[in-house]
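Step one of this worksheet: look at the structure below.
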Amino acid sequence: MNYRHSLWYCCLLTMLIFQIDTVRIAHSAEQTLSLNVKANVVENSCKISFSDSGSVDLGKQSIAAIKSVDSFTNYIGNGKHFSINVSDCSPLSSGGISKLIFNFSPQSGTFPVESSQAFANDILPADGGATGVGLVIFAEQQDKNVLDESGHSNAIFDVTSDTYLNSYGFFARLQKINTITEGDFTTHVTVEVTYE
125 MNYRHSLWYC CLLTMLIFQI DTVRIAHSAE QTLSLNVKAN VVENSCKISF
175 SDSGSVDLGK QSIAAIKSVD SFTNYIGNGK HFSINVSDCS PLSSGGISKL
225 IFNFSPQSGT FPVESSQAFA NDILPADGGA TGVGLVIFAE QQDKNVLDES
275 GHSNAIFDVT SDTYLNSYGF FARLQKINTI TEGDFTTHVT VEVTYE
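Numbering (the numbering used here) for the sequence shown: 125 to 320.
Next comes the structure, spelled out in structure tokens:
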């Protein structure tokens, strides 16, 4: 029997907030696009950390490169791999662990109008923000977007009590969601990790 534990039962392993820092989107191949990931760990019964000290660099990208990937479910494109590591967990009092759930959500609480499978730009166009582009994240072991078409978390890993302490791979890239205009791009994503 699986037990879903709530925060009150210390199941919430940790909450990570990572931020896609300001990146510049332009037609020129000379523009650099970078992704910095930061973590804020709270109320944890496990230690959670990001690979590469939470810094992910998307390298140089152009509007043409972003346009070349036409689907929110295509695990391809110019992006960057990162991992979330789970370690030093408190034991469950009710038995073994069978699932590890990564819940990704926009810190702002809203998705772009165009899709609930991408994270929106937090910089308004009037403030120099790029339009028509969002960030998609994929669970590498499953080759799928961490969000389903309704914006619900889709990153659930079958594990055992012996195997859940591990490194879980993810891939982040930019996705065309409408007509793209150049500008800066920043988004904030919250990650909650729970087990059952």
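Cβ atoms here follow ideal geometry from the backbone N, Cα and C, with glycine treated the same way.
Separation of residue j from residue i, as counted between CA atoms
i: E264; j: A250; result: 35 Å
i: H312; j: D212; result: 26 Å
i: I304; j: G253; result: 11 Å
i: T314; j: F243; result: 11 Å
i: V257; j: Q241; result: 12 Å
i: G233; j: S239; result: 14 Å
i: I261; j: T310; result: 14 Å
i: A279; j: G293; result: 11 Å
i: N290; j: V210; result: 5 Å
Simplified DSSP assignment, three categories, for residue i
i: P249; result: helix
i: D282; result: strand
i: S186; result: coil
i: N164; result: Its pLDDT being 49, under 50, N164 is placed unreliably by the model, and the measurement read from it follows with that caveat. Three-state result, N164: coil.
i: S277; result: strand
i: S173; result: strand
i: A153; result: Any reading at A153 must be qualified, since the residue scores a pLDDT of 49, below 50, and its modelled position is unreliable; no value is offered.
For residue i, the residue or residues it bridges with in DSSP
i: N302; result: N302 pairs with nothing; no bridge assigned.
i: I261; result: A296
Beta-carbon separation (whole angstroms), residue i vs residue j, contact threshold 8 Å
i: K223; j: Y319; result: 7 Å
i: S207; j: S229; result: That belief does not hold up - the Cβ atoms of S207 and S229 are roughly 19 Å apart, past 8 Å.
Chain-order list of residues whose beta-carbon lies under 8 Å from that of residue i (same chain, five-residue window excluded)
i: S277; result: I225, F226, N227, F228, S229, V270 and L271
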